[in-house]
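Q: If you scroll down you'll find the structure; I have some questions about it.
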Amino acid sequence: MEPIVSAQGLVKRYGDFTAVAGIDFETRPGECFGLLGPNGAGKTSTVGMLTCTLPLSGGDLRIFGLDARSHPREIKARLGVCPQESNLDTDFTLTQNLTVYARYFDIPQGEALARAKELIARFRLEDKADACVDDLSGGLRRRLLVARTLVNRPELVVLDEPTTGLDPQSKHQIWDEVRAMKAAGSSILLTTHYMEEAALLCDRLIIIDAGRVLEAGDPCGLISKHVGGIGTLEDVFLKLTGKALRE
Amino acid sequence: MNPGLVSRRCLHVWRRNYDVSRLTWKTNVLPPLIEPLLYIFAFGFGLGVYVQHIQYQGRSFEYLTYLAPGMIAVGTMFHAIFECMYGSFVRMRYQKTFEATLCTPLLIEDILAGELLWGATKGVFGGLAVLVVSACFGLTAWPHALLVLPVALVSGLMFAGFGLLFAAVSPYIDNLNLPTFLFINPMFLFSGTFFPLDGMPLWLRALSRLLPLTHVADLMRASTTGLLNAGLLSSALYLLVLTPLVCGYAMWRMKRRLIK
Chain H
1 MEPIVSAQGL VKRYGDFTAV AGIDFETRPG ECFGLLGPNG AGKTSTVGML TCTLPLSGGD
61 LRIFGLDARS HPREIKARLG VCPQESNLDT DFTLTQNLTV YARYFDIPQG EALARAKELI
121 ARFRLEDKAD ACVDDLSGGL RRRLLVARTL VNRPELVVLD EPTTGLDPQS KHQIWDEVRA
181 MKAAGSSILL TTHYMEEAAL LCDRLIIIDA GRVLEAGDPC GLISKHVGGI GTLEDVFLKL
241 TGKALRE
Chain F
1001 MNPGLVSRRC LHVWRRNYDV SRLTWKTNVL PPLIEPLLYI FAFGFGLGVY VQHIQYQGRS
1061 FEYLTYLAPG MIAVGTMFHA IFECMYGSFV RMRYQKTFEA TLCTPLLIED ILAGELLWGA
1121 TKGVFGGLAV LVVSACFGLT AWPHALLVLP VALVSGLMFA GFGLLFAAVS PYIDNLNLPT
1181 FLFINPMFLF SGTFFPLDGM PLWLRALSRL LPLTHVADLM RASTTGLLNA GLLSSALYLL
1241 VLTPLVCGYA MWRMKRRLIK
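These protein sequence lines map, in sequence, to chains H and F. Okay, so the first sequence: first residue is 1 according to our numbering, each after it adds one. Okay, so the second sequence: first residue is 1001 according to our numbering, each after it adds one.
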């Protein structure tokens, strides 16, 4: 089975600072793959390279078998990216946010509107369909962000810390959506610093810190390997890094 | 910065900005129409009482006939440059529109080209608004005045380029006051917009010839009065050379700022 993402020796430098210091991983079709690590571990830089919005400083990155350096447009057309912070268009209503975004993918207007309606219903945003983004609560805004991610029916969904800063209820709603996407066979790449989230959603994951991969595997396997099956991913992380997880 | 990377998808960015402007059309359409009316009333009925005629290139013009093309040039400049200074800065920095759009098949080159085209469109609109008002007062010679359109298009793109460049190099939105006071306001006053340059000291005239708006004003004046002369060729050449240079440099600086 050809991997969805194949990263080898991935490096990202900003001047003298190395954010990603050579990481390797592969994700398989239909799985939810996690990048787990504390703030500043290099997750967002990795996501930037994966989404072809940041140039690589070194290494090799292929997505859908395409080279990220030479085929950014083709790759981005097949990706759905949910950013860490809202970049919804505050000049538009919820529906318009989805239709304008769909236009960037060359989706015809009629089809865009149909998809917007479908997503608004699926994410239970009907009451707010014609409201402005500024009037939404944080939880609703995140739901719209996730809905927007799906507007081009992506083959890989990239969720960058999708529940950071959310109340428990909104968090669970997002988790339900991710599970629904998984059930529908979507490939997902998820970054998080919540161990609980990683354990719940990810089939396989890598734990990264300071731009390096510390460990790779499935959540249960990692727990049994490092803390004898008694404990959580958090315990695994603490054992590996020797420090408490920063919020 | 590789201009070859710009694709037709840049029109999606243009369209997004157009859609926003349609939502707020009242505030977008009225000022460009009211502003020239204010100038025409203030200068025509105020200053025009004292200065009925003005000498320009060896001919005598009614003051308002002289002033109108200057205001067309100013309208084009203001609307194009401010759109890509403040408008683009807000979309880049505060609304994070560029960031969101980058996660679609568009490249940064498409986004910036779309911004520049939109700025140029606003410039054309700003220029045409003054043209319409001027025509209502009988201040334009037809059909020459149709030449305002191509001049507004090229100069609109050039001023959009300047605007985007200022947005690219300004760390904070407040820094944009600097090019306003050091570049836009001097141009507004010293580009043959309100009065001919001929009466000014030689050094000031030489400086004025360097300013882009001087050449735009000359071309606009030739269009609305129908008085064509050989000197216009150098002004046209000035615009055609400077426009791609400024736009290319602005896109390069903005890309360097955004893509680390």
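Note that CB positions come from ideal geometry on N, CA and C, so glycine has one too.
Indicate whether at least one CB of chain F lies closer than 8 Å to the CB of R246(H).
A: Counted from its first residue, the first sequence places residue 246(H) at position 246. With a pLDDT of only 46 at R246(H), under 50, the local geometry of the prediction cannot be trusted, and no value is derived from it.
Q: By a C-beta neighbour count over all protein chains shown, 10 Å radius and 16 as the cutoff for buried, is I120(H) buried or exposed?
A: For the purposes of this step, residue 120(H) is taken as residue 120 along the first sequence, with counting starting at 1. Buried is the call here.
Q: What are the boundary residues of the beta strand (DSSP E) that Y14(H) is part of?
A: Here residue 14(H) corresponds to residue number 14 of the first sequence, with the count starting at 1. Here the beta strand (DSSP E) through Y14(H) covers 5-14.
Q: So, are the CB atoms of I1072(F) and M1220(F) less than 8 Å apart?
A: As a position in the second sequence, residue 1072(F) is number 72, starting the count at 1. As a position in the second sequence, residue 1220(F) is number 220, starting the count at 1. Taking 8 Å as the Cβ cut-off, I1072(F) and M1220(F) qualify as a contacting pair.
Q: Verify the CB distance criterion: does V100(H) have a CB-CB separation below 8 Å to chain F?
A: For the purposes of this step, residue 100(H) is taken as the residue at position 100 of the first sequence. Cβ-Cβ to chain F under 8 Å: yes for V100(H).
Q: Can you check whether the CB of M1158(F) is closer than 8 Å to the CB of P1210(F)?
A: Taking the first residue of the second sequence as position 1, residue 1210(F) is located at position 210. Taking the first residue of the second sequence as position 1, residue 1158(F) is located at position 158. Per the sequence shown, the amino acid found at residue 1210(F) is Leu instead of Pro. Not a contact, by the Cβ cut-off of 8 Å.
Q: Got a sec: is the Cβ-Cβ distance from A147(H) to anything in chain F below 8 Å?
A: Here the question's residue 147(H) lines up with position 147 in the first sequence. No, A147(H) lies away from the interface with chain F (no Cβ there is under 8 Å from its Cβ).
Q: Using a 10 Å radius around the Cβ and a threshold of 16 neighbouring Cβ atoms, would you call R1009(F) buried or exposed?
A: Position 9 of the second sequence, counted from the start, is the residue given in the question as residue 1009(F). R1009(F) is buried by the Cβ-count criterion.
Q: Just checking, does the region 1189-1198 of chain F make contact with the region 1159-1178 of chain F on the three C-beta pairs under 8 Å criterion?
A: With the cut-off at 8 Å, the region 1189-1198 of chain F and the region 1159-1178 of chain F do not touch.
Q: With distances taken between CB atoms, is the gap from L233(H) to L240(H) smaller than 8 Å?
A: If you number the first sequence from 1, residue 233(H) lands on position 233. If you number the first sequence from 1, residue 240(H) lands on position 240. Contact flag unset, no.
Q: Would a check of beta-carbon distances place V81(H) closer than 8 Å to chain F?
A: Taking the first sequence and counting its residues from 1, the one referred to as residue 81(H) is at position 81. By this cut-off, V81(H) is an interface position.
Q: For the region 207-232 of chain H, which segments carrying the alpha helix (DSSP H) assignment without a break, of at least 4 residues, lie completely within its bounds, in sequence order?
A: Runs of the alpha helix (DSSP H) inside the region 207-232 of chain H: 219-227.
Q: Assuming the contact rule is C-beta atoms closer than 8 Å, G1046(F) and L1064(F) should be a hit. Round their C-beta distance to whole Å, please.
A: Position 46 of the second sequence, counting from 1, holds the residue named residue 1046(F). Position 64 of the second sequence, counting from 1, holds the residue named residue 1064(F). Wrong, their Cβ atoms sit about 11 Å apart, outside the cutoff.
Q: Given F1166(F), which residues of its chain have a CB within under 7 Å of its CB, disregarding the five upstream and five downstream residues?
A: As a working note, residue 1166(F) is residue 166 in the second sequence. Closer than 7 Å at the Cβ level, and outside the excluded window around F1166(F), lie M1085, L1176, P1179.
Q: Mind pulling the chain H residues with CB within less than 7 Å of V1020(F)?
A: For the purposes of this step, residue 1020(F) is identified with residue 20 of the second sequence, where counting begins at 1. Correct list: D91.
Q: For R246(H), is the classification buried or exposed, using 16 other Cβ atoms within 10 angstroms of its Cβ as the cut-off for buried?
A: Your numbering for residue 246(H) matches position 246 in the first sequence. Low confidence applies here, because R246(H) scores a pLDDT of 46, under 50, leaving its location unreliable and the question unanswered by this model.
Q: Report the residues of the region 1095-1110 of chain F with a CB closer than 7 Å to any CB of chain H, ordered along the chain.
A: Result list: Q1095, K1096, T1097, E1099, A1100, T1101, L1102, C1103, T1104, P1105, L1106, L1107.
Q: Figure out for me which residue from S57(H), L66(H), G9(H) has the closest Cα to the Cα of F17(H).
A: For the purposes of this step, residue 17(H) is identified with residue 17 of the first sequence, where counting begins at 1. That would be S57(H), whose Cα lies nearest to the Cα of F17(H).
Q: In whole angstroms, what is the alpha-carbon distance linking D67(H) and Y1039(F)?
A: Numbered from 1 along the first sequence, position 67 holds the residue referred to as residue 67(H). Numbered from 1 along the second sequence, position 39 holds the residue referred to as residue 1039(F). So the two alpha carbons sit approximately 57 Å from each other.
Q: Do G15(H) and G59(H) come within 8 Å of each other at the CB atom, strictly closer than that value?
A: Sequence index remark: in the first sequence, residue 59(H) carries index 59 (1-based). Sequence index remark: in the first sequence, residue 15(H) carries index 15 (1-based). Cβ atoms of G59(H) and G15(H): not closer than 8 Å.
Q: Just to confirm before moving on: does the CB-CB distance between A1217(F) and L1139(F) stay below 8 Å?
A: As a first step, residue 1217(F) is located in the second sequence; it is residue number 217 there, counting from the start. As a first step, residue 1139(F) is located in the second sequence; it is residue number 139 there, counting from the start. Cβ atoms of A1217(F) and L1139(F): not closer than 8 Å.
Q: Would you kindly work out how many angstroms separate the C-alpha atoms of A1080(F) and D203(H), rounded to a whole number?
A: Looking up residue 1080(F) in the second sequence gives position 80. Looking up residue 203(H) in the first sequence gives position 203. Near 52 Å, if we compare the C-alpha coordinates of D203(H) and A1080(F).
Q: Check whether the Cβ atoms of L88(H) and L144(H) lie closer than 8 Å to each other.
A: Working through the first sequence from its first residue, we reach residue 88(H) at position 88. Working through the first sequence from its first residue, we reach residue 144(H) at position 144. Yes. Within cutoff.
Q: By the DSSP assignment, the alpha helix (DSSP H) with C32(H) in it spans what residues?
A: Position 32 of the first sequence, counted from the first residue, corresponds to residue 32(H). Looking at the DSSP string, C32(H) is not in any alpha helix (DSSP H); the run it does join, the beta strand (DSSP E), is 32-36.
Q: Beta-carbon within less than 8 Å of I208(H)'s beta-carbon, same chain only, minus the 5 sequence neighbours each way: which residues are those?
A: Position 208 of the first sequence, counting from 1, holds the residue named residue 208(H). The answer, listed in chain order, is I23, L35, L36, G37, A41, G42, K43, T46, L214.
Q: If you count every other CB in all the chains shown that lies within 10 Å of the CB of C1136(F), and 16 or more means buried, which is it?
A: The residue labelled residue 1136(F) in the question sits at position 136 within the second sequence. It is exposed - the Cβ of C1136(F) has fewer than 16 other Cβ atoms within 10 Å.
Q: Quick check on the DSSP output: the beta strand (DSSP E) that includes F17(H) runs from which residue to which?
A: The residue given as residue 17(H) occupies position 17 in the first sequence. Start and end: 17-27.
Q: Tell me the residue span of the alpha helix (DSSP H) that contains D60(H).
A: Position 60 of the first sequence, counted from the start, is the residue given in the question as residue 60(H). Looking at the DSSP string, D60(H) is not in any alpha helix (DSSP H); the run it does join, the beta strand (DSSP E), is 58-63.
Q: Identify whether Y1056(F) lies in helix, strand or coil by the three-state DSSP scheme.
A: The residue labelled residue 1056(F) in the question sits at position 56 within the second sequence. Residue state, collapsed to three classes: strand.
Q: In this structure, how does DSSP classify R1022(F) when only helix, strand and coil are distinguished?
A: Stepping through the second sequence from its first residue, residue 1022(F) is reached at position 22. DSSP places R1022(F) in helix when its eight states are reduced to three.
Q: Who does I188(H) pair with in a DSSP beta bridge?
A: Working through the first sequence from its first residue, we reach residue 188(H) at position 188. According to DSSP, I188(H) bridges with C32(H), V157(H).
Q: Give the DSSP-derived three-state secondary structure of L136(H) in the structure shown.
A: Taking the first sequence and counting its residues from 1, the one referred to as residue 136(H) is at position 136. If DSSP states are grouped into helix, strand and coil, L136(H) belongs with coil.
Q: When burial is assigned at 16 or more other CB atoms within 10 Å of the CB, is L1149(F) buried or exposed?
A: Working through the second sequence from its first residue, we reach residue 1149(F) at position 149. With fewer than 16 other Cβ atoms within 10 Å, it is exposed.
Q: Apart from the five residues on each side of it in sequence, which residues of its chain come closer than 8 Å, Cβ to Cβ, to F105(H)?
A: Here residue 105(H) is taken as the residue at index 105 of the first sequence, counted from 1. Excluding residues within five positions, the ones whose Cβ falls inside 8 Å are A77, V151, N152.
Q: Give me the chain H residues within the contact set of L1153(F), using Cβ-Cβ distance strictly less than 8 Å, ordered along the chain.
A: Residue mapping note: residue 1153(F) aligns to position 153 of the second sequence, counting from 1. Near L1153(F) there are no residues of chain H at all, since even the closest Cβ is about 24 Å away, more than 8 Å.
Q: Cα separation between L49(H) and R13(H)?
A: Taking the first sequence and counting its residues from 1, the one referred to as residue 49(H) is at position 49. Taking the first sequence and counting its residues from 1, the one referred to as residue 13(H) is at position 13. The identity of residue 49(H) in the sequence shown is Met, whereas the question assumes Leu. Computed Cα separation, rounded: 11 Å.
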